């Protein structure tokens, strides 16, 4: 079980067995804090009653350590692992309220005869568990379960429609029966004596959206945001190894790089991926930002020859069907960074906290129209007059500063959204990659209707805030953070997320919309902070969001894979409507740009043959 995911921690490994309870712990270590053997895991307390295995970082551990030392605790290491364990011994499970960081850990409490599993507030670090009868396993990745004899490879087919709709399987579910993701901001309390457990939510972003909004002016809010950002980045530089930054040239990564460059007494390392196709290439812009900040900048242009081996490795690293094709450049940029550093700062979470996605702007506008049936019918008719291809053609004729990126995908999503029966369904449709009617044609399996409680309205809050809260809990967690964790860990690189410091979203949730979304401008407040570091004209540009030329690649270098895995002989007729898949494949190779649907089927097929056949 340890060996199959040893890339997550190649520097050291260890095991622990407790005879009385029958609990086994295993750990692979990537050394970041305290490179000595004192940081070895599993870590056992001096009294022998508490044992921990831990993945991640608690960035404020030094302050907590001082607090514990004043209470009489003595430490043998300089690691955060030991601090977490003694925090639990002193304060119990409530200790997690003190932690700033990304973490997934398990603590065996031999005094209480309990096992605790804990996952951080944003879900940066993964944690899976599997239970059959009185047998219980947990791990950072599902693949380790395959190595244990109790694991049954039974598909949970009711979640498959959600994979084809969104490109990921939402927590707490996985593709396997009896196997679950521990949701972000939750802990699991397992009672060893009777093999029962309960799951407790200890943090929820919704709670902060429901609080009263600040009665502060814009300047006060900007000043406080900058302080939180500054401290969040400061904390994430705590490391005994070298640190770099993923730089795309967008607002988020430019801000992280800017603040870091100002703090460091030496040049920082930045890394960028580029494409030869100008429509998808942001490397030139990132290079301009890097030159302005004076960083040690490394860029790599993805070659077609990179694709085949990389695509074939995805099912191994992602464990479940995973459809976000930007996993490819994320894996490449992680590999690029790992040649120079052991830790890289990523800049995810800015869209969800600072109101960045373009769908927020359009759906917020649609909200006014939605309640007026006449206006809605007029808009629906207008949208149906233009095909996605014609909209793309018009977009190409616009001045560069007015062009929208990924216009075809966005237009198709908005066409679906306006046909919705409720605001919640409208948001869900705008967040979908494949139309639900198309999914119903392609698949024979039906979806789990109880799955999406997170779509339900959060009290009496604004629709715009509702959308950001849902994306924070779903898309960011199950798509973005899964993508980054597996990509970075595949090359033993630790990815850190300063914009996902929980203090940022807690603060932003209480900022009034008239300031957060001033002039109907996405990321308004984040931009104002960034303009202090980089000239406005240098950073204000459309951004593609790490997109790749998927249609072109699937018809080119990846065509042999499509033909191989979407062959009629390999498709399971109990899951797929084979004739519909064949027609879809023909339409795609005849020139219809439905590459995302083809990619999702390819990813499922490759995953299935890797892990089930």
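Numbering (full-length UniProt numbering), first residue to last: 1 to 613.
Ideal placement from N, C-alpha and C gives every residue a C-beta, glycine not left out.
Just so we're clear, the structure is a prediction, and the values are computed from it rather than from any experiment.
query	result
Out of curiosity, what's the CA-to-CA distance linking residue 216 and residue 290?	34 Å
What ranges does the beta strand (DSSP E) occupy inside the stretch 83-149, keeping only unbroken runs of at least 3 residues that lie completely in it?	101-109, 114-119, 128-132 and 135-139
Which of the three DSSP states is assigned to residue 418 in this structure?	helix
Starting from the C-beta of residue 259, find all residues in its chain whose C-beta is less than 8 Å away, skip the five residues before and the five after it, and write them out in chain order.	229, 230, 233 and 533
Considering only C-alpha positions, which residue in the set 392, 171, 442 and 487 is nearest to residue 578?	442
Which residues in the same chain have their Cβ closer than 8 Å to the Cβ of residue 376, if we skip the five residues on either side of it in sequence?	369, 370 and 418
Assuming contact is defined by CB atoms lying nearer than 7 Å, are residue 268 and residue 298 in contact in what I supplied?	no
Please name the residue, chosen from 539, 481 and 124, that lies closest to residue 618 on a Cα-to-Cα basis.	What is shown of the chain runs 1 to 613, which leaves residue 618 out entirely.
Rounded to a whole number of angstroms, what is the C-alpha to C-alpha distance between residue 187 and residue 70?	28 Å
Here's a check: name, in chain order, each residue in its chain whose Cβ is nearer than 7 Å to the Cβ of residue 486, leaving out the five neighbours to either side.	317 and 318
In terms of DSSP beta bridges, what is residue 24 paired with?	17
Can you tell me where the beta strand (DSSP E) holding residue 297 begins and where it ends?	296-301
Would you kindly work out how many angstroms separate the C-alpha atoms of residue 243 and residue 57, rounded to a whole number?	14 Å
I believe residue 505 touches residue 353 by the beta-carbon criterion, under 8 Å. Please report the beta-carbon distance rounded to the nearest angstrom.	5 Å
Cα separation between residue 201 and residue 529?	33 Å
Helix, strand or coil for residue 80? Go by DSSP, reduced to three states.	helix
Could you tell me the alpha carbon to alpha carbon distance between residue 158 and residue 315, rounded to whole angstroms?	20 Å
Assign residue 81 to buried or exposed, taking buried as 16 or more other Cβ atoms, counted over all protein chains shown, within 10 Å of its Cβ.	buried
How do the stretch 118-125 and the stretch 88-104 stand: do at least 3 beta-carbon pairs fall below 8 Å, yes or no?	yes
Between residue 510 and residue 213, is the Cβ-Cβ spacing less than 7 Å?	yes
Which residue marks the beginning of the beta strand (DSSP E) containing residue 188, and which one marks its end?	186-191
What did DSSP end up calling residue 359 once you bin it into helix, strand or coil?	helix
Quick check on this structure: which residue in 518, 331 and 499 has the alpha carbon closest to the alpha carbon of residue 227?	499
Given residue 564, which residues of its chain have a CB within under 8 Å of its CB, disregarding the five upstream and five downstream residues?	570
Given a threshold of 16 other Cβ atoms within 10 Å of its Cβ, counted over all protein chains shown, does residue 282 qualify as buried or as exposed?	buried
Tell me whether the beta-carbon of residue 105 lies closer than 7 Å to the beta-carbon of residue 54.	yes
Give the range of the alpha helix (DSSP H) segment to which residue 63 is assigned.	61-70
I'd like the list of long-range same chain contacts for residue 128, defined as Cβ closer than 8 Å, with 5 residues on each side in sequence excluded.	138, 139, 140, 141, 142, 145, 174, 179, 180, 181 and 182
Taking DSSP's pairing of strands, which residues face residue 344 in a bridge?	244 and 495
With a 10 Å radius around its C-beta and 16 neighbouring C-beta atoms as the bar for buried, classify residue 301 as buried or exposed.	exposed
With a Cβ-Cβ cutoff of 7 Å, do residue 225 and residue 464 count as a contact?	no
Residues in its own chain within less than 7 Å of residue 59 by CB, not counting five upstream and five downstream?	100, 101, 235, 236 and 238
DSSP has residue 576 in a bridge; who is on the other side?	443
For residue 135, which residues of its own chain have a beta-carbon under 7 Å away from its beta-carbon, when the five flanking residues on both sides are left out?	150
Who does residue 197 pair with in a DSSP beta bridge?	190
Using CA coordinates, which residue listed in 110, 12, 5 and 67 is at the minimum distance from residue 44?	110
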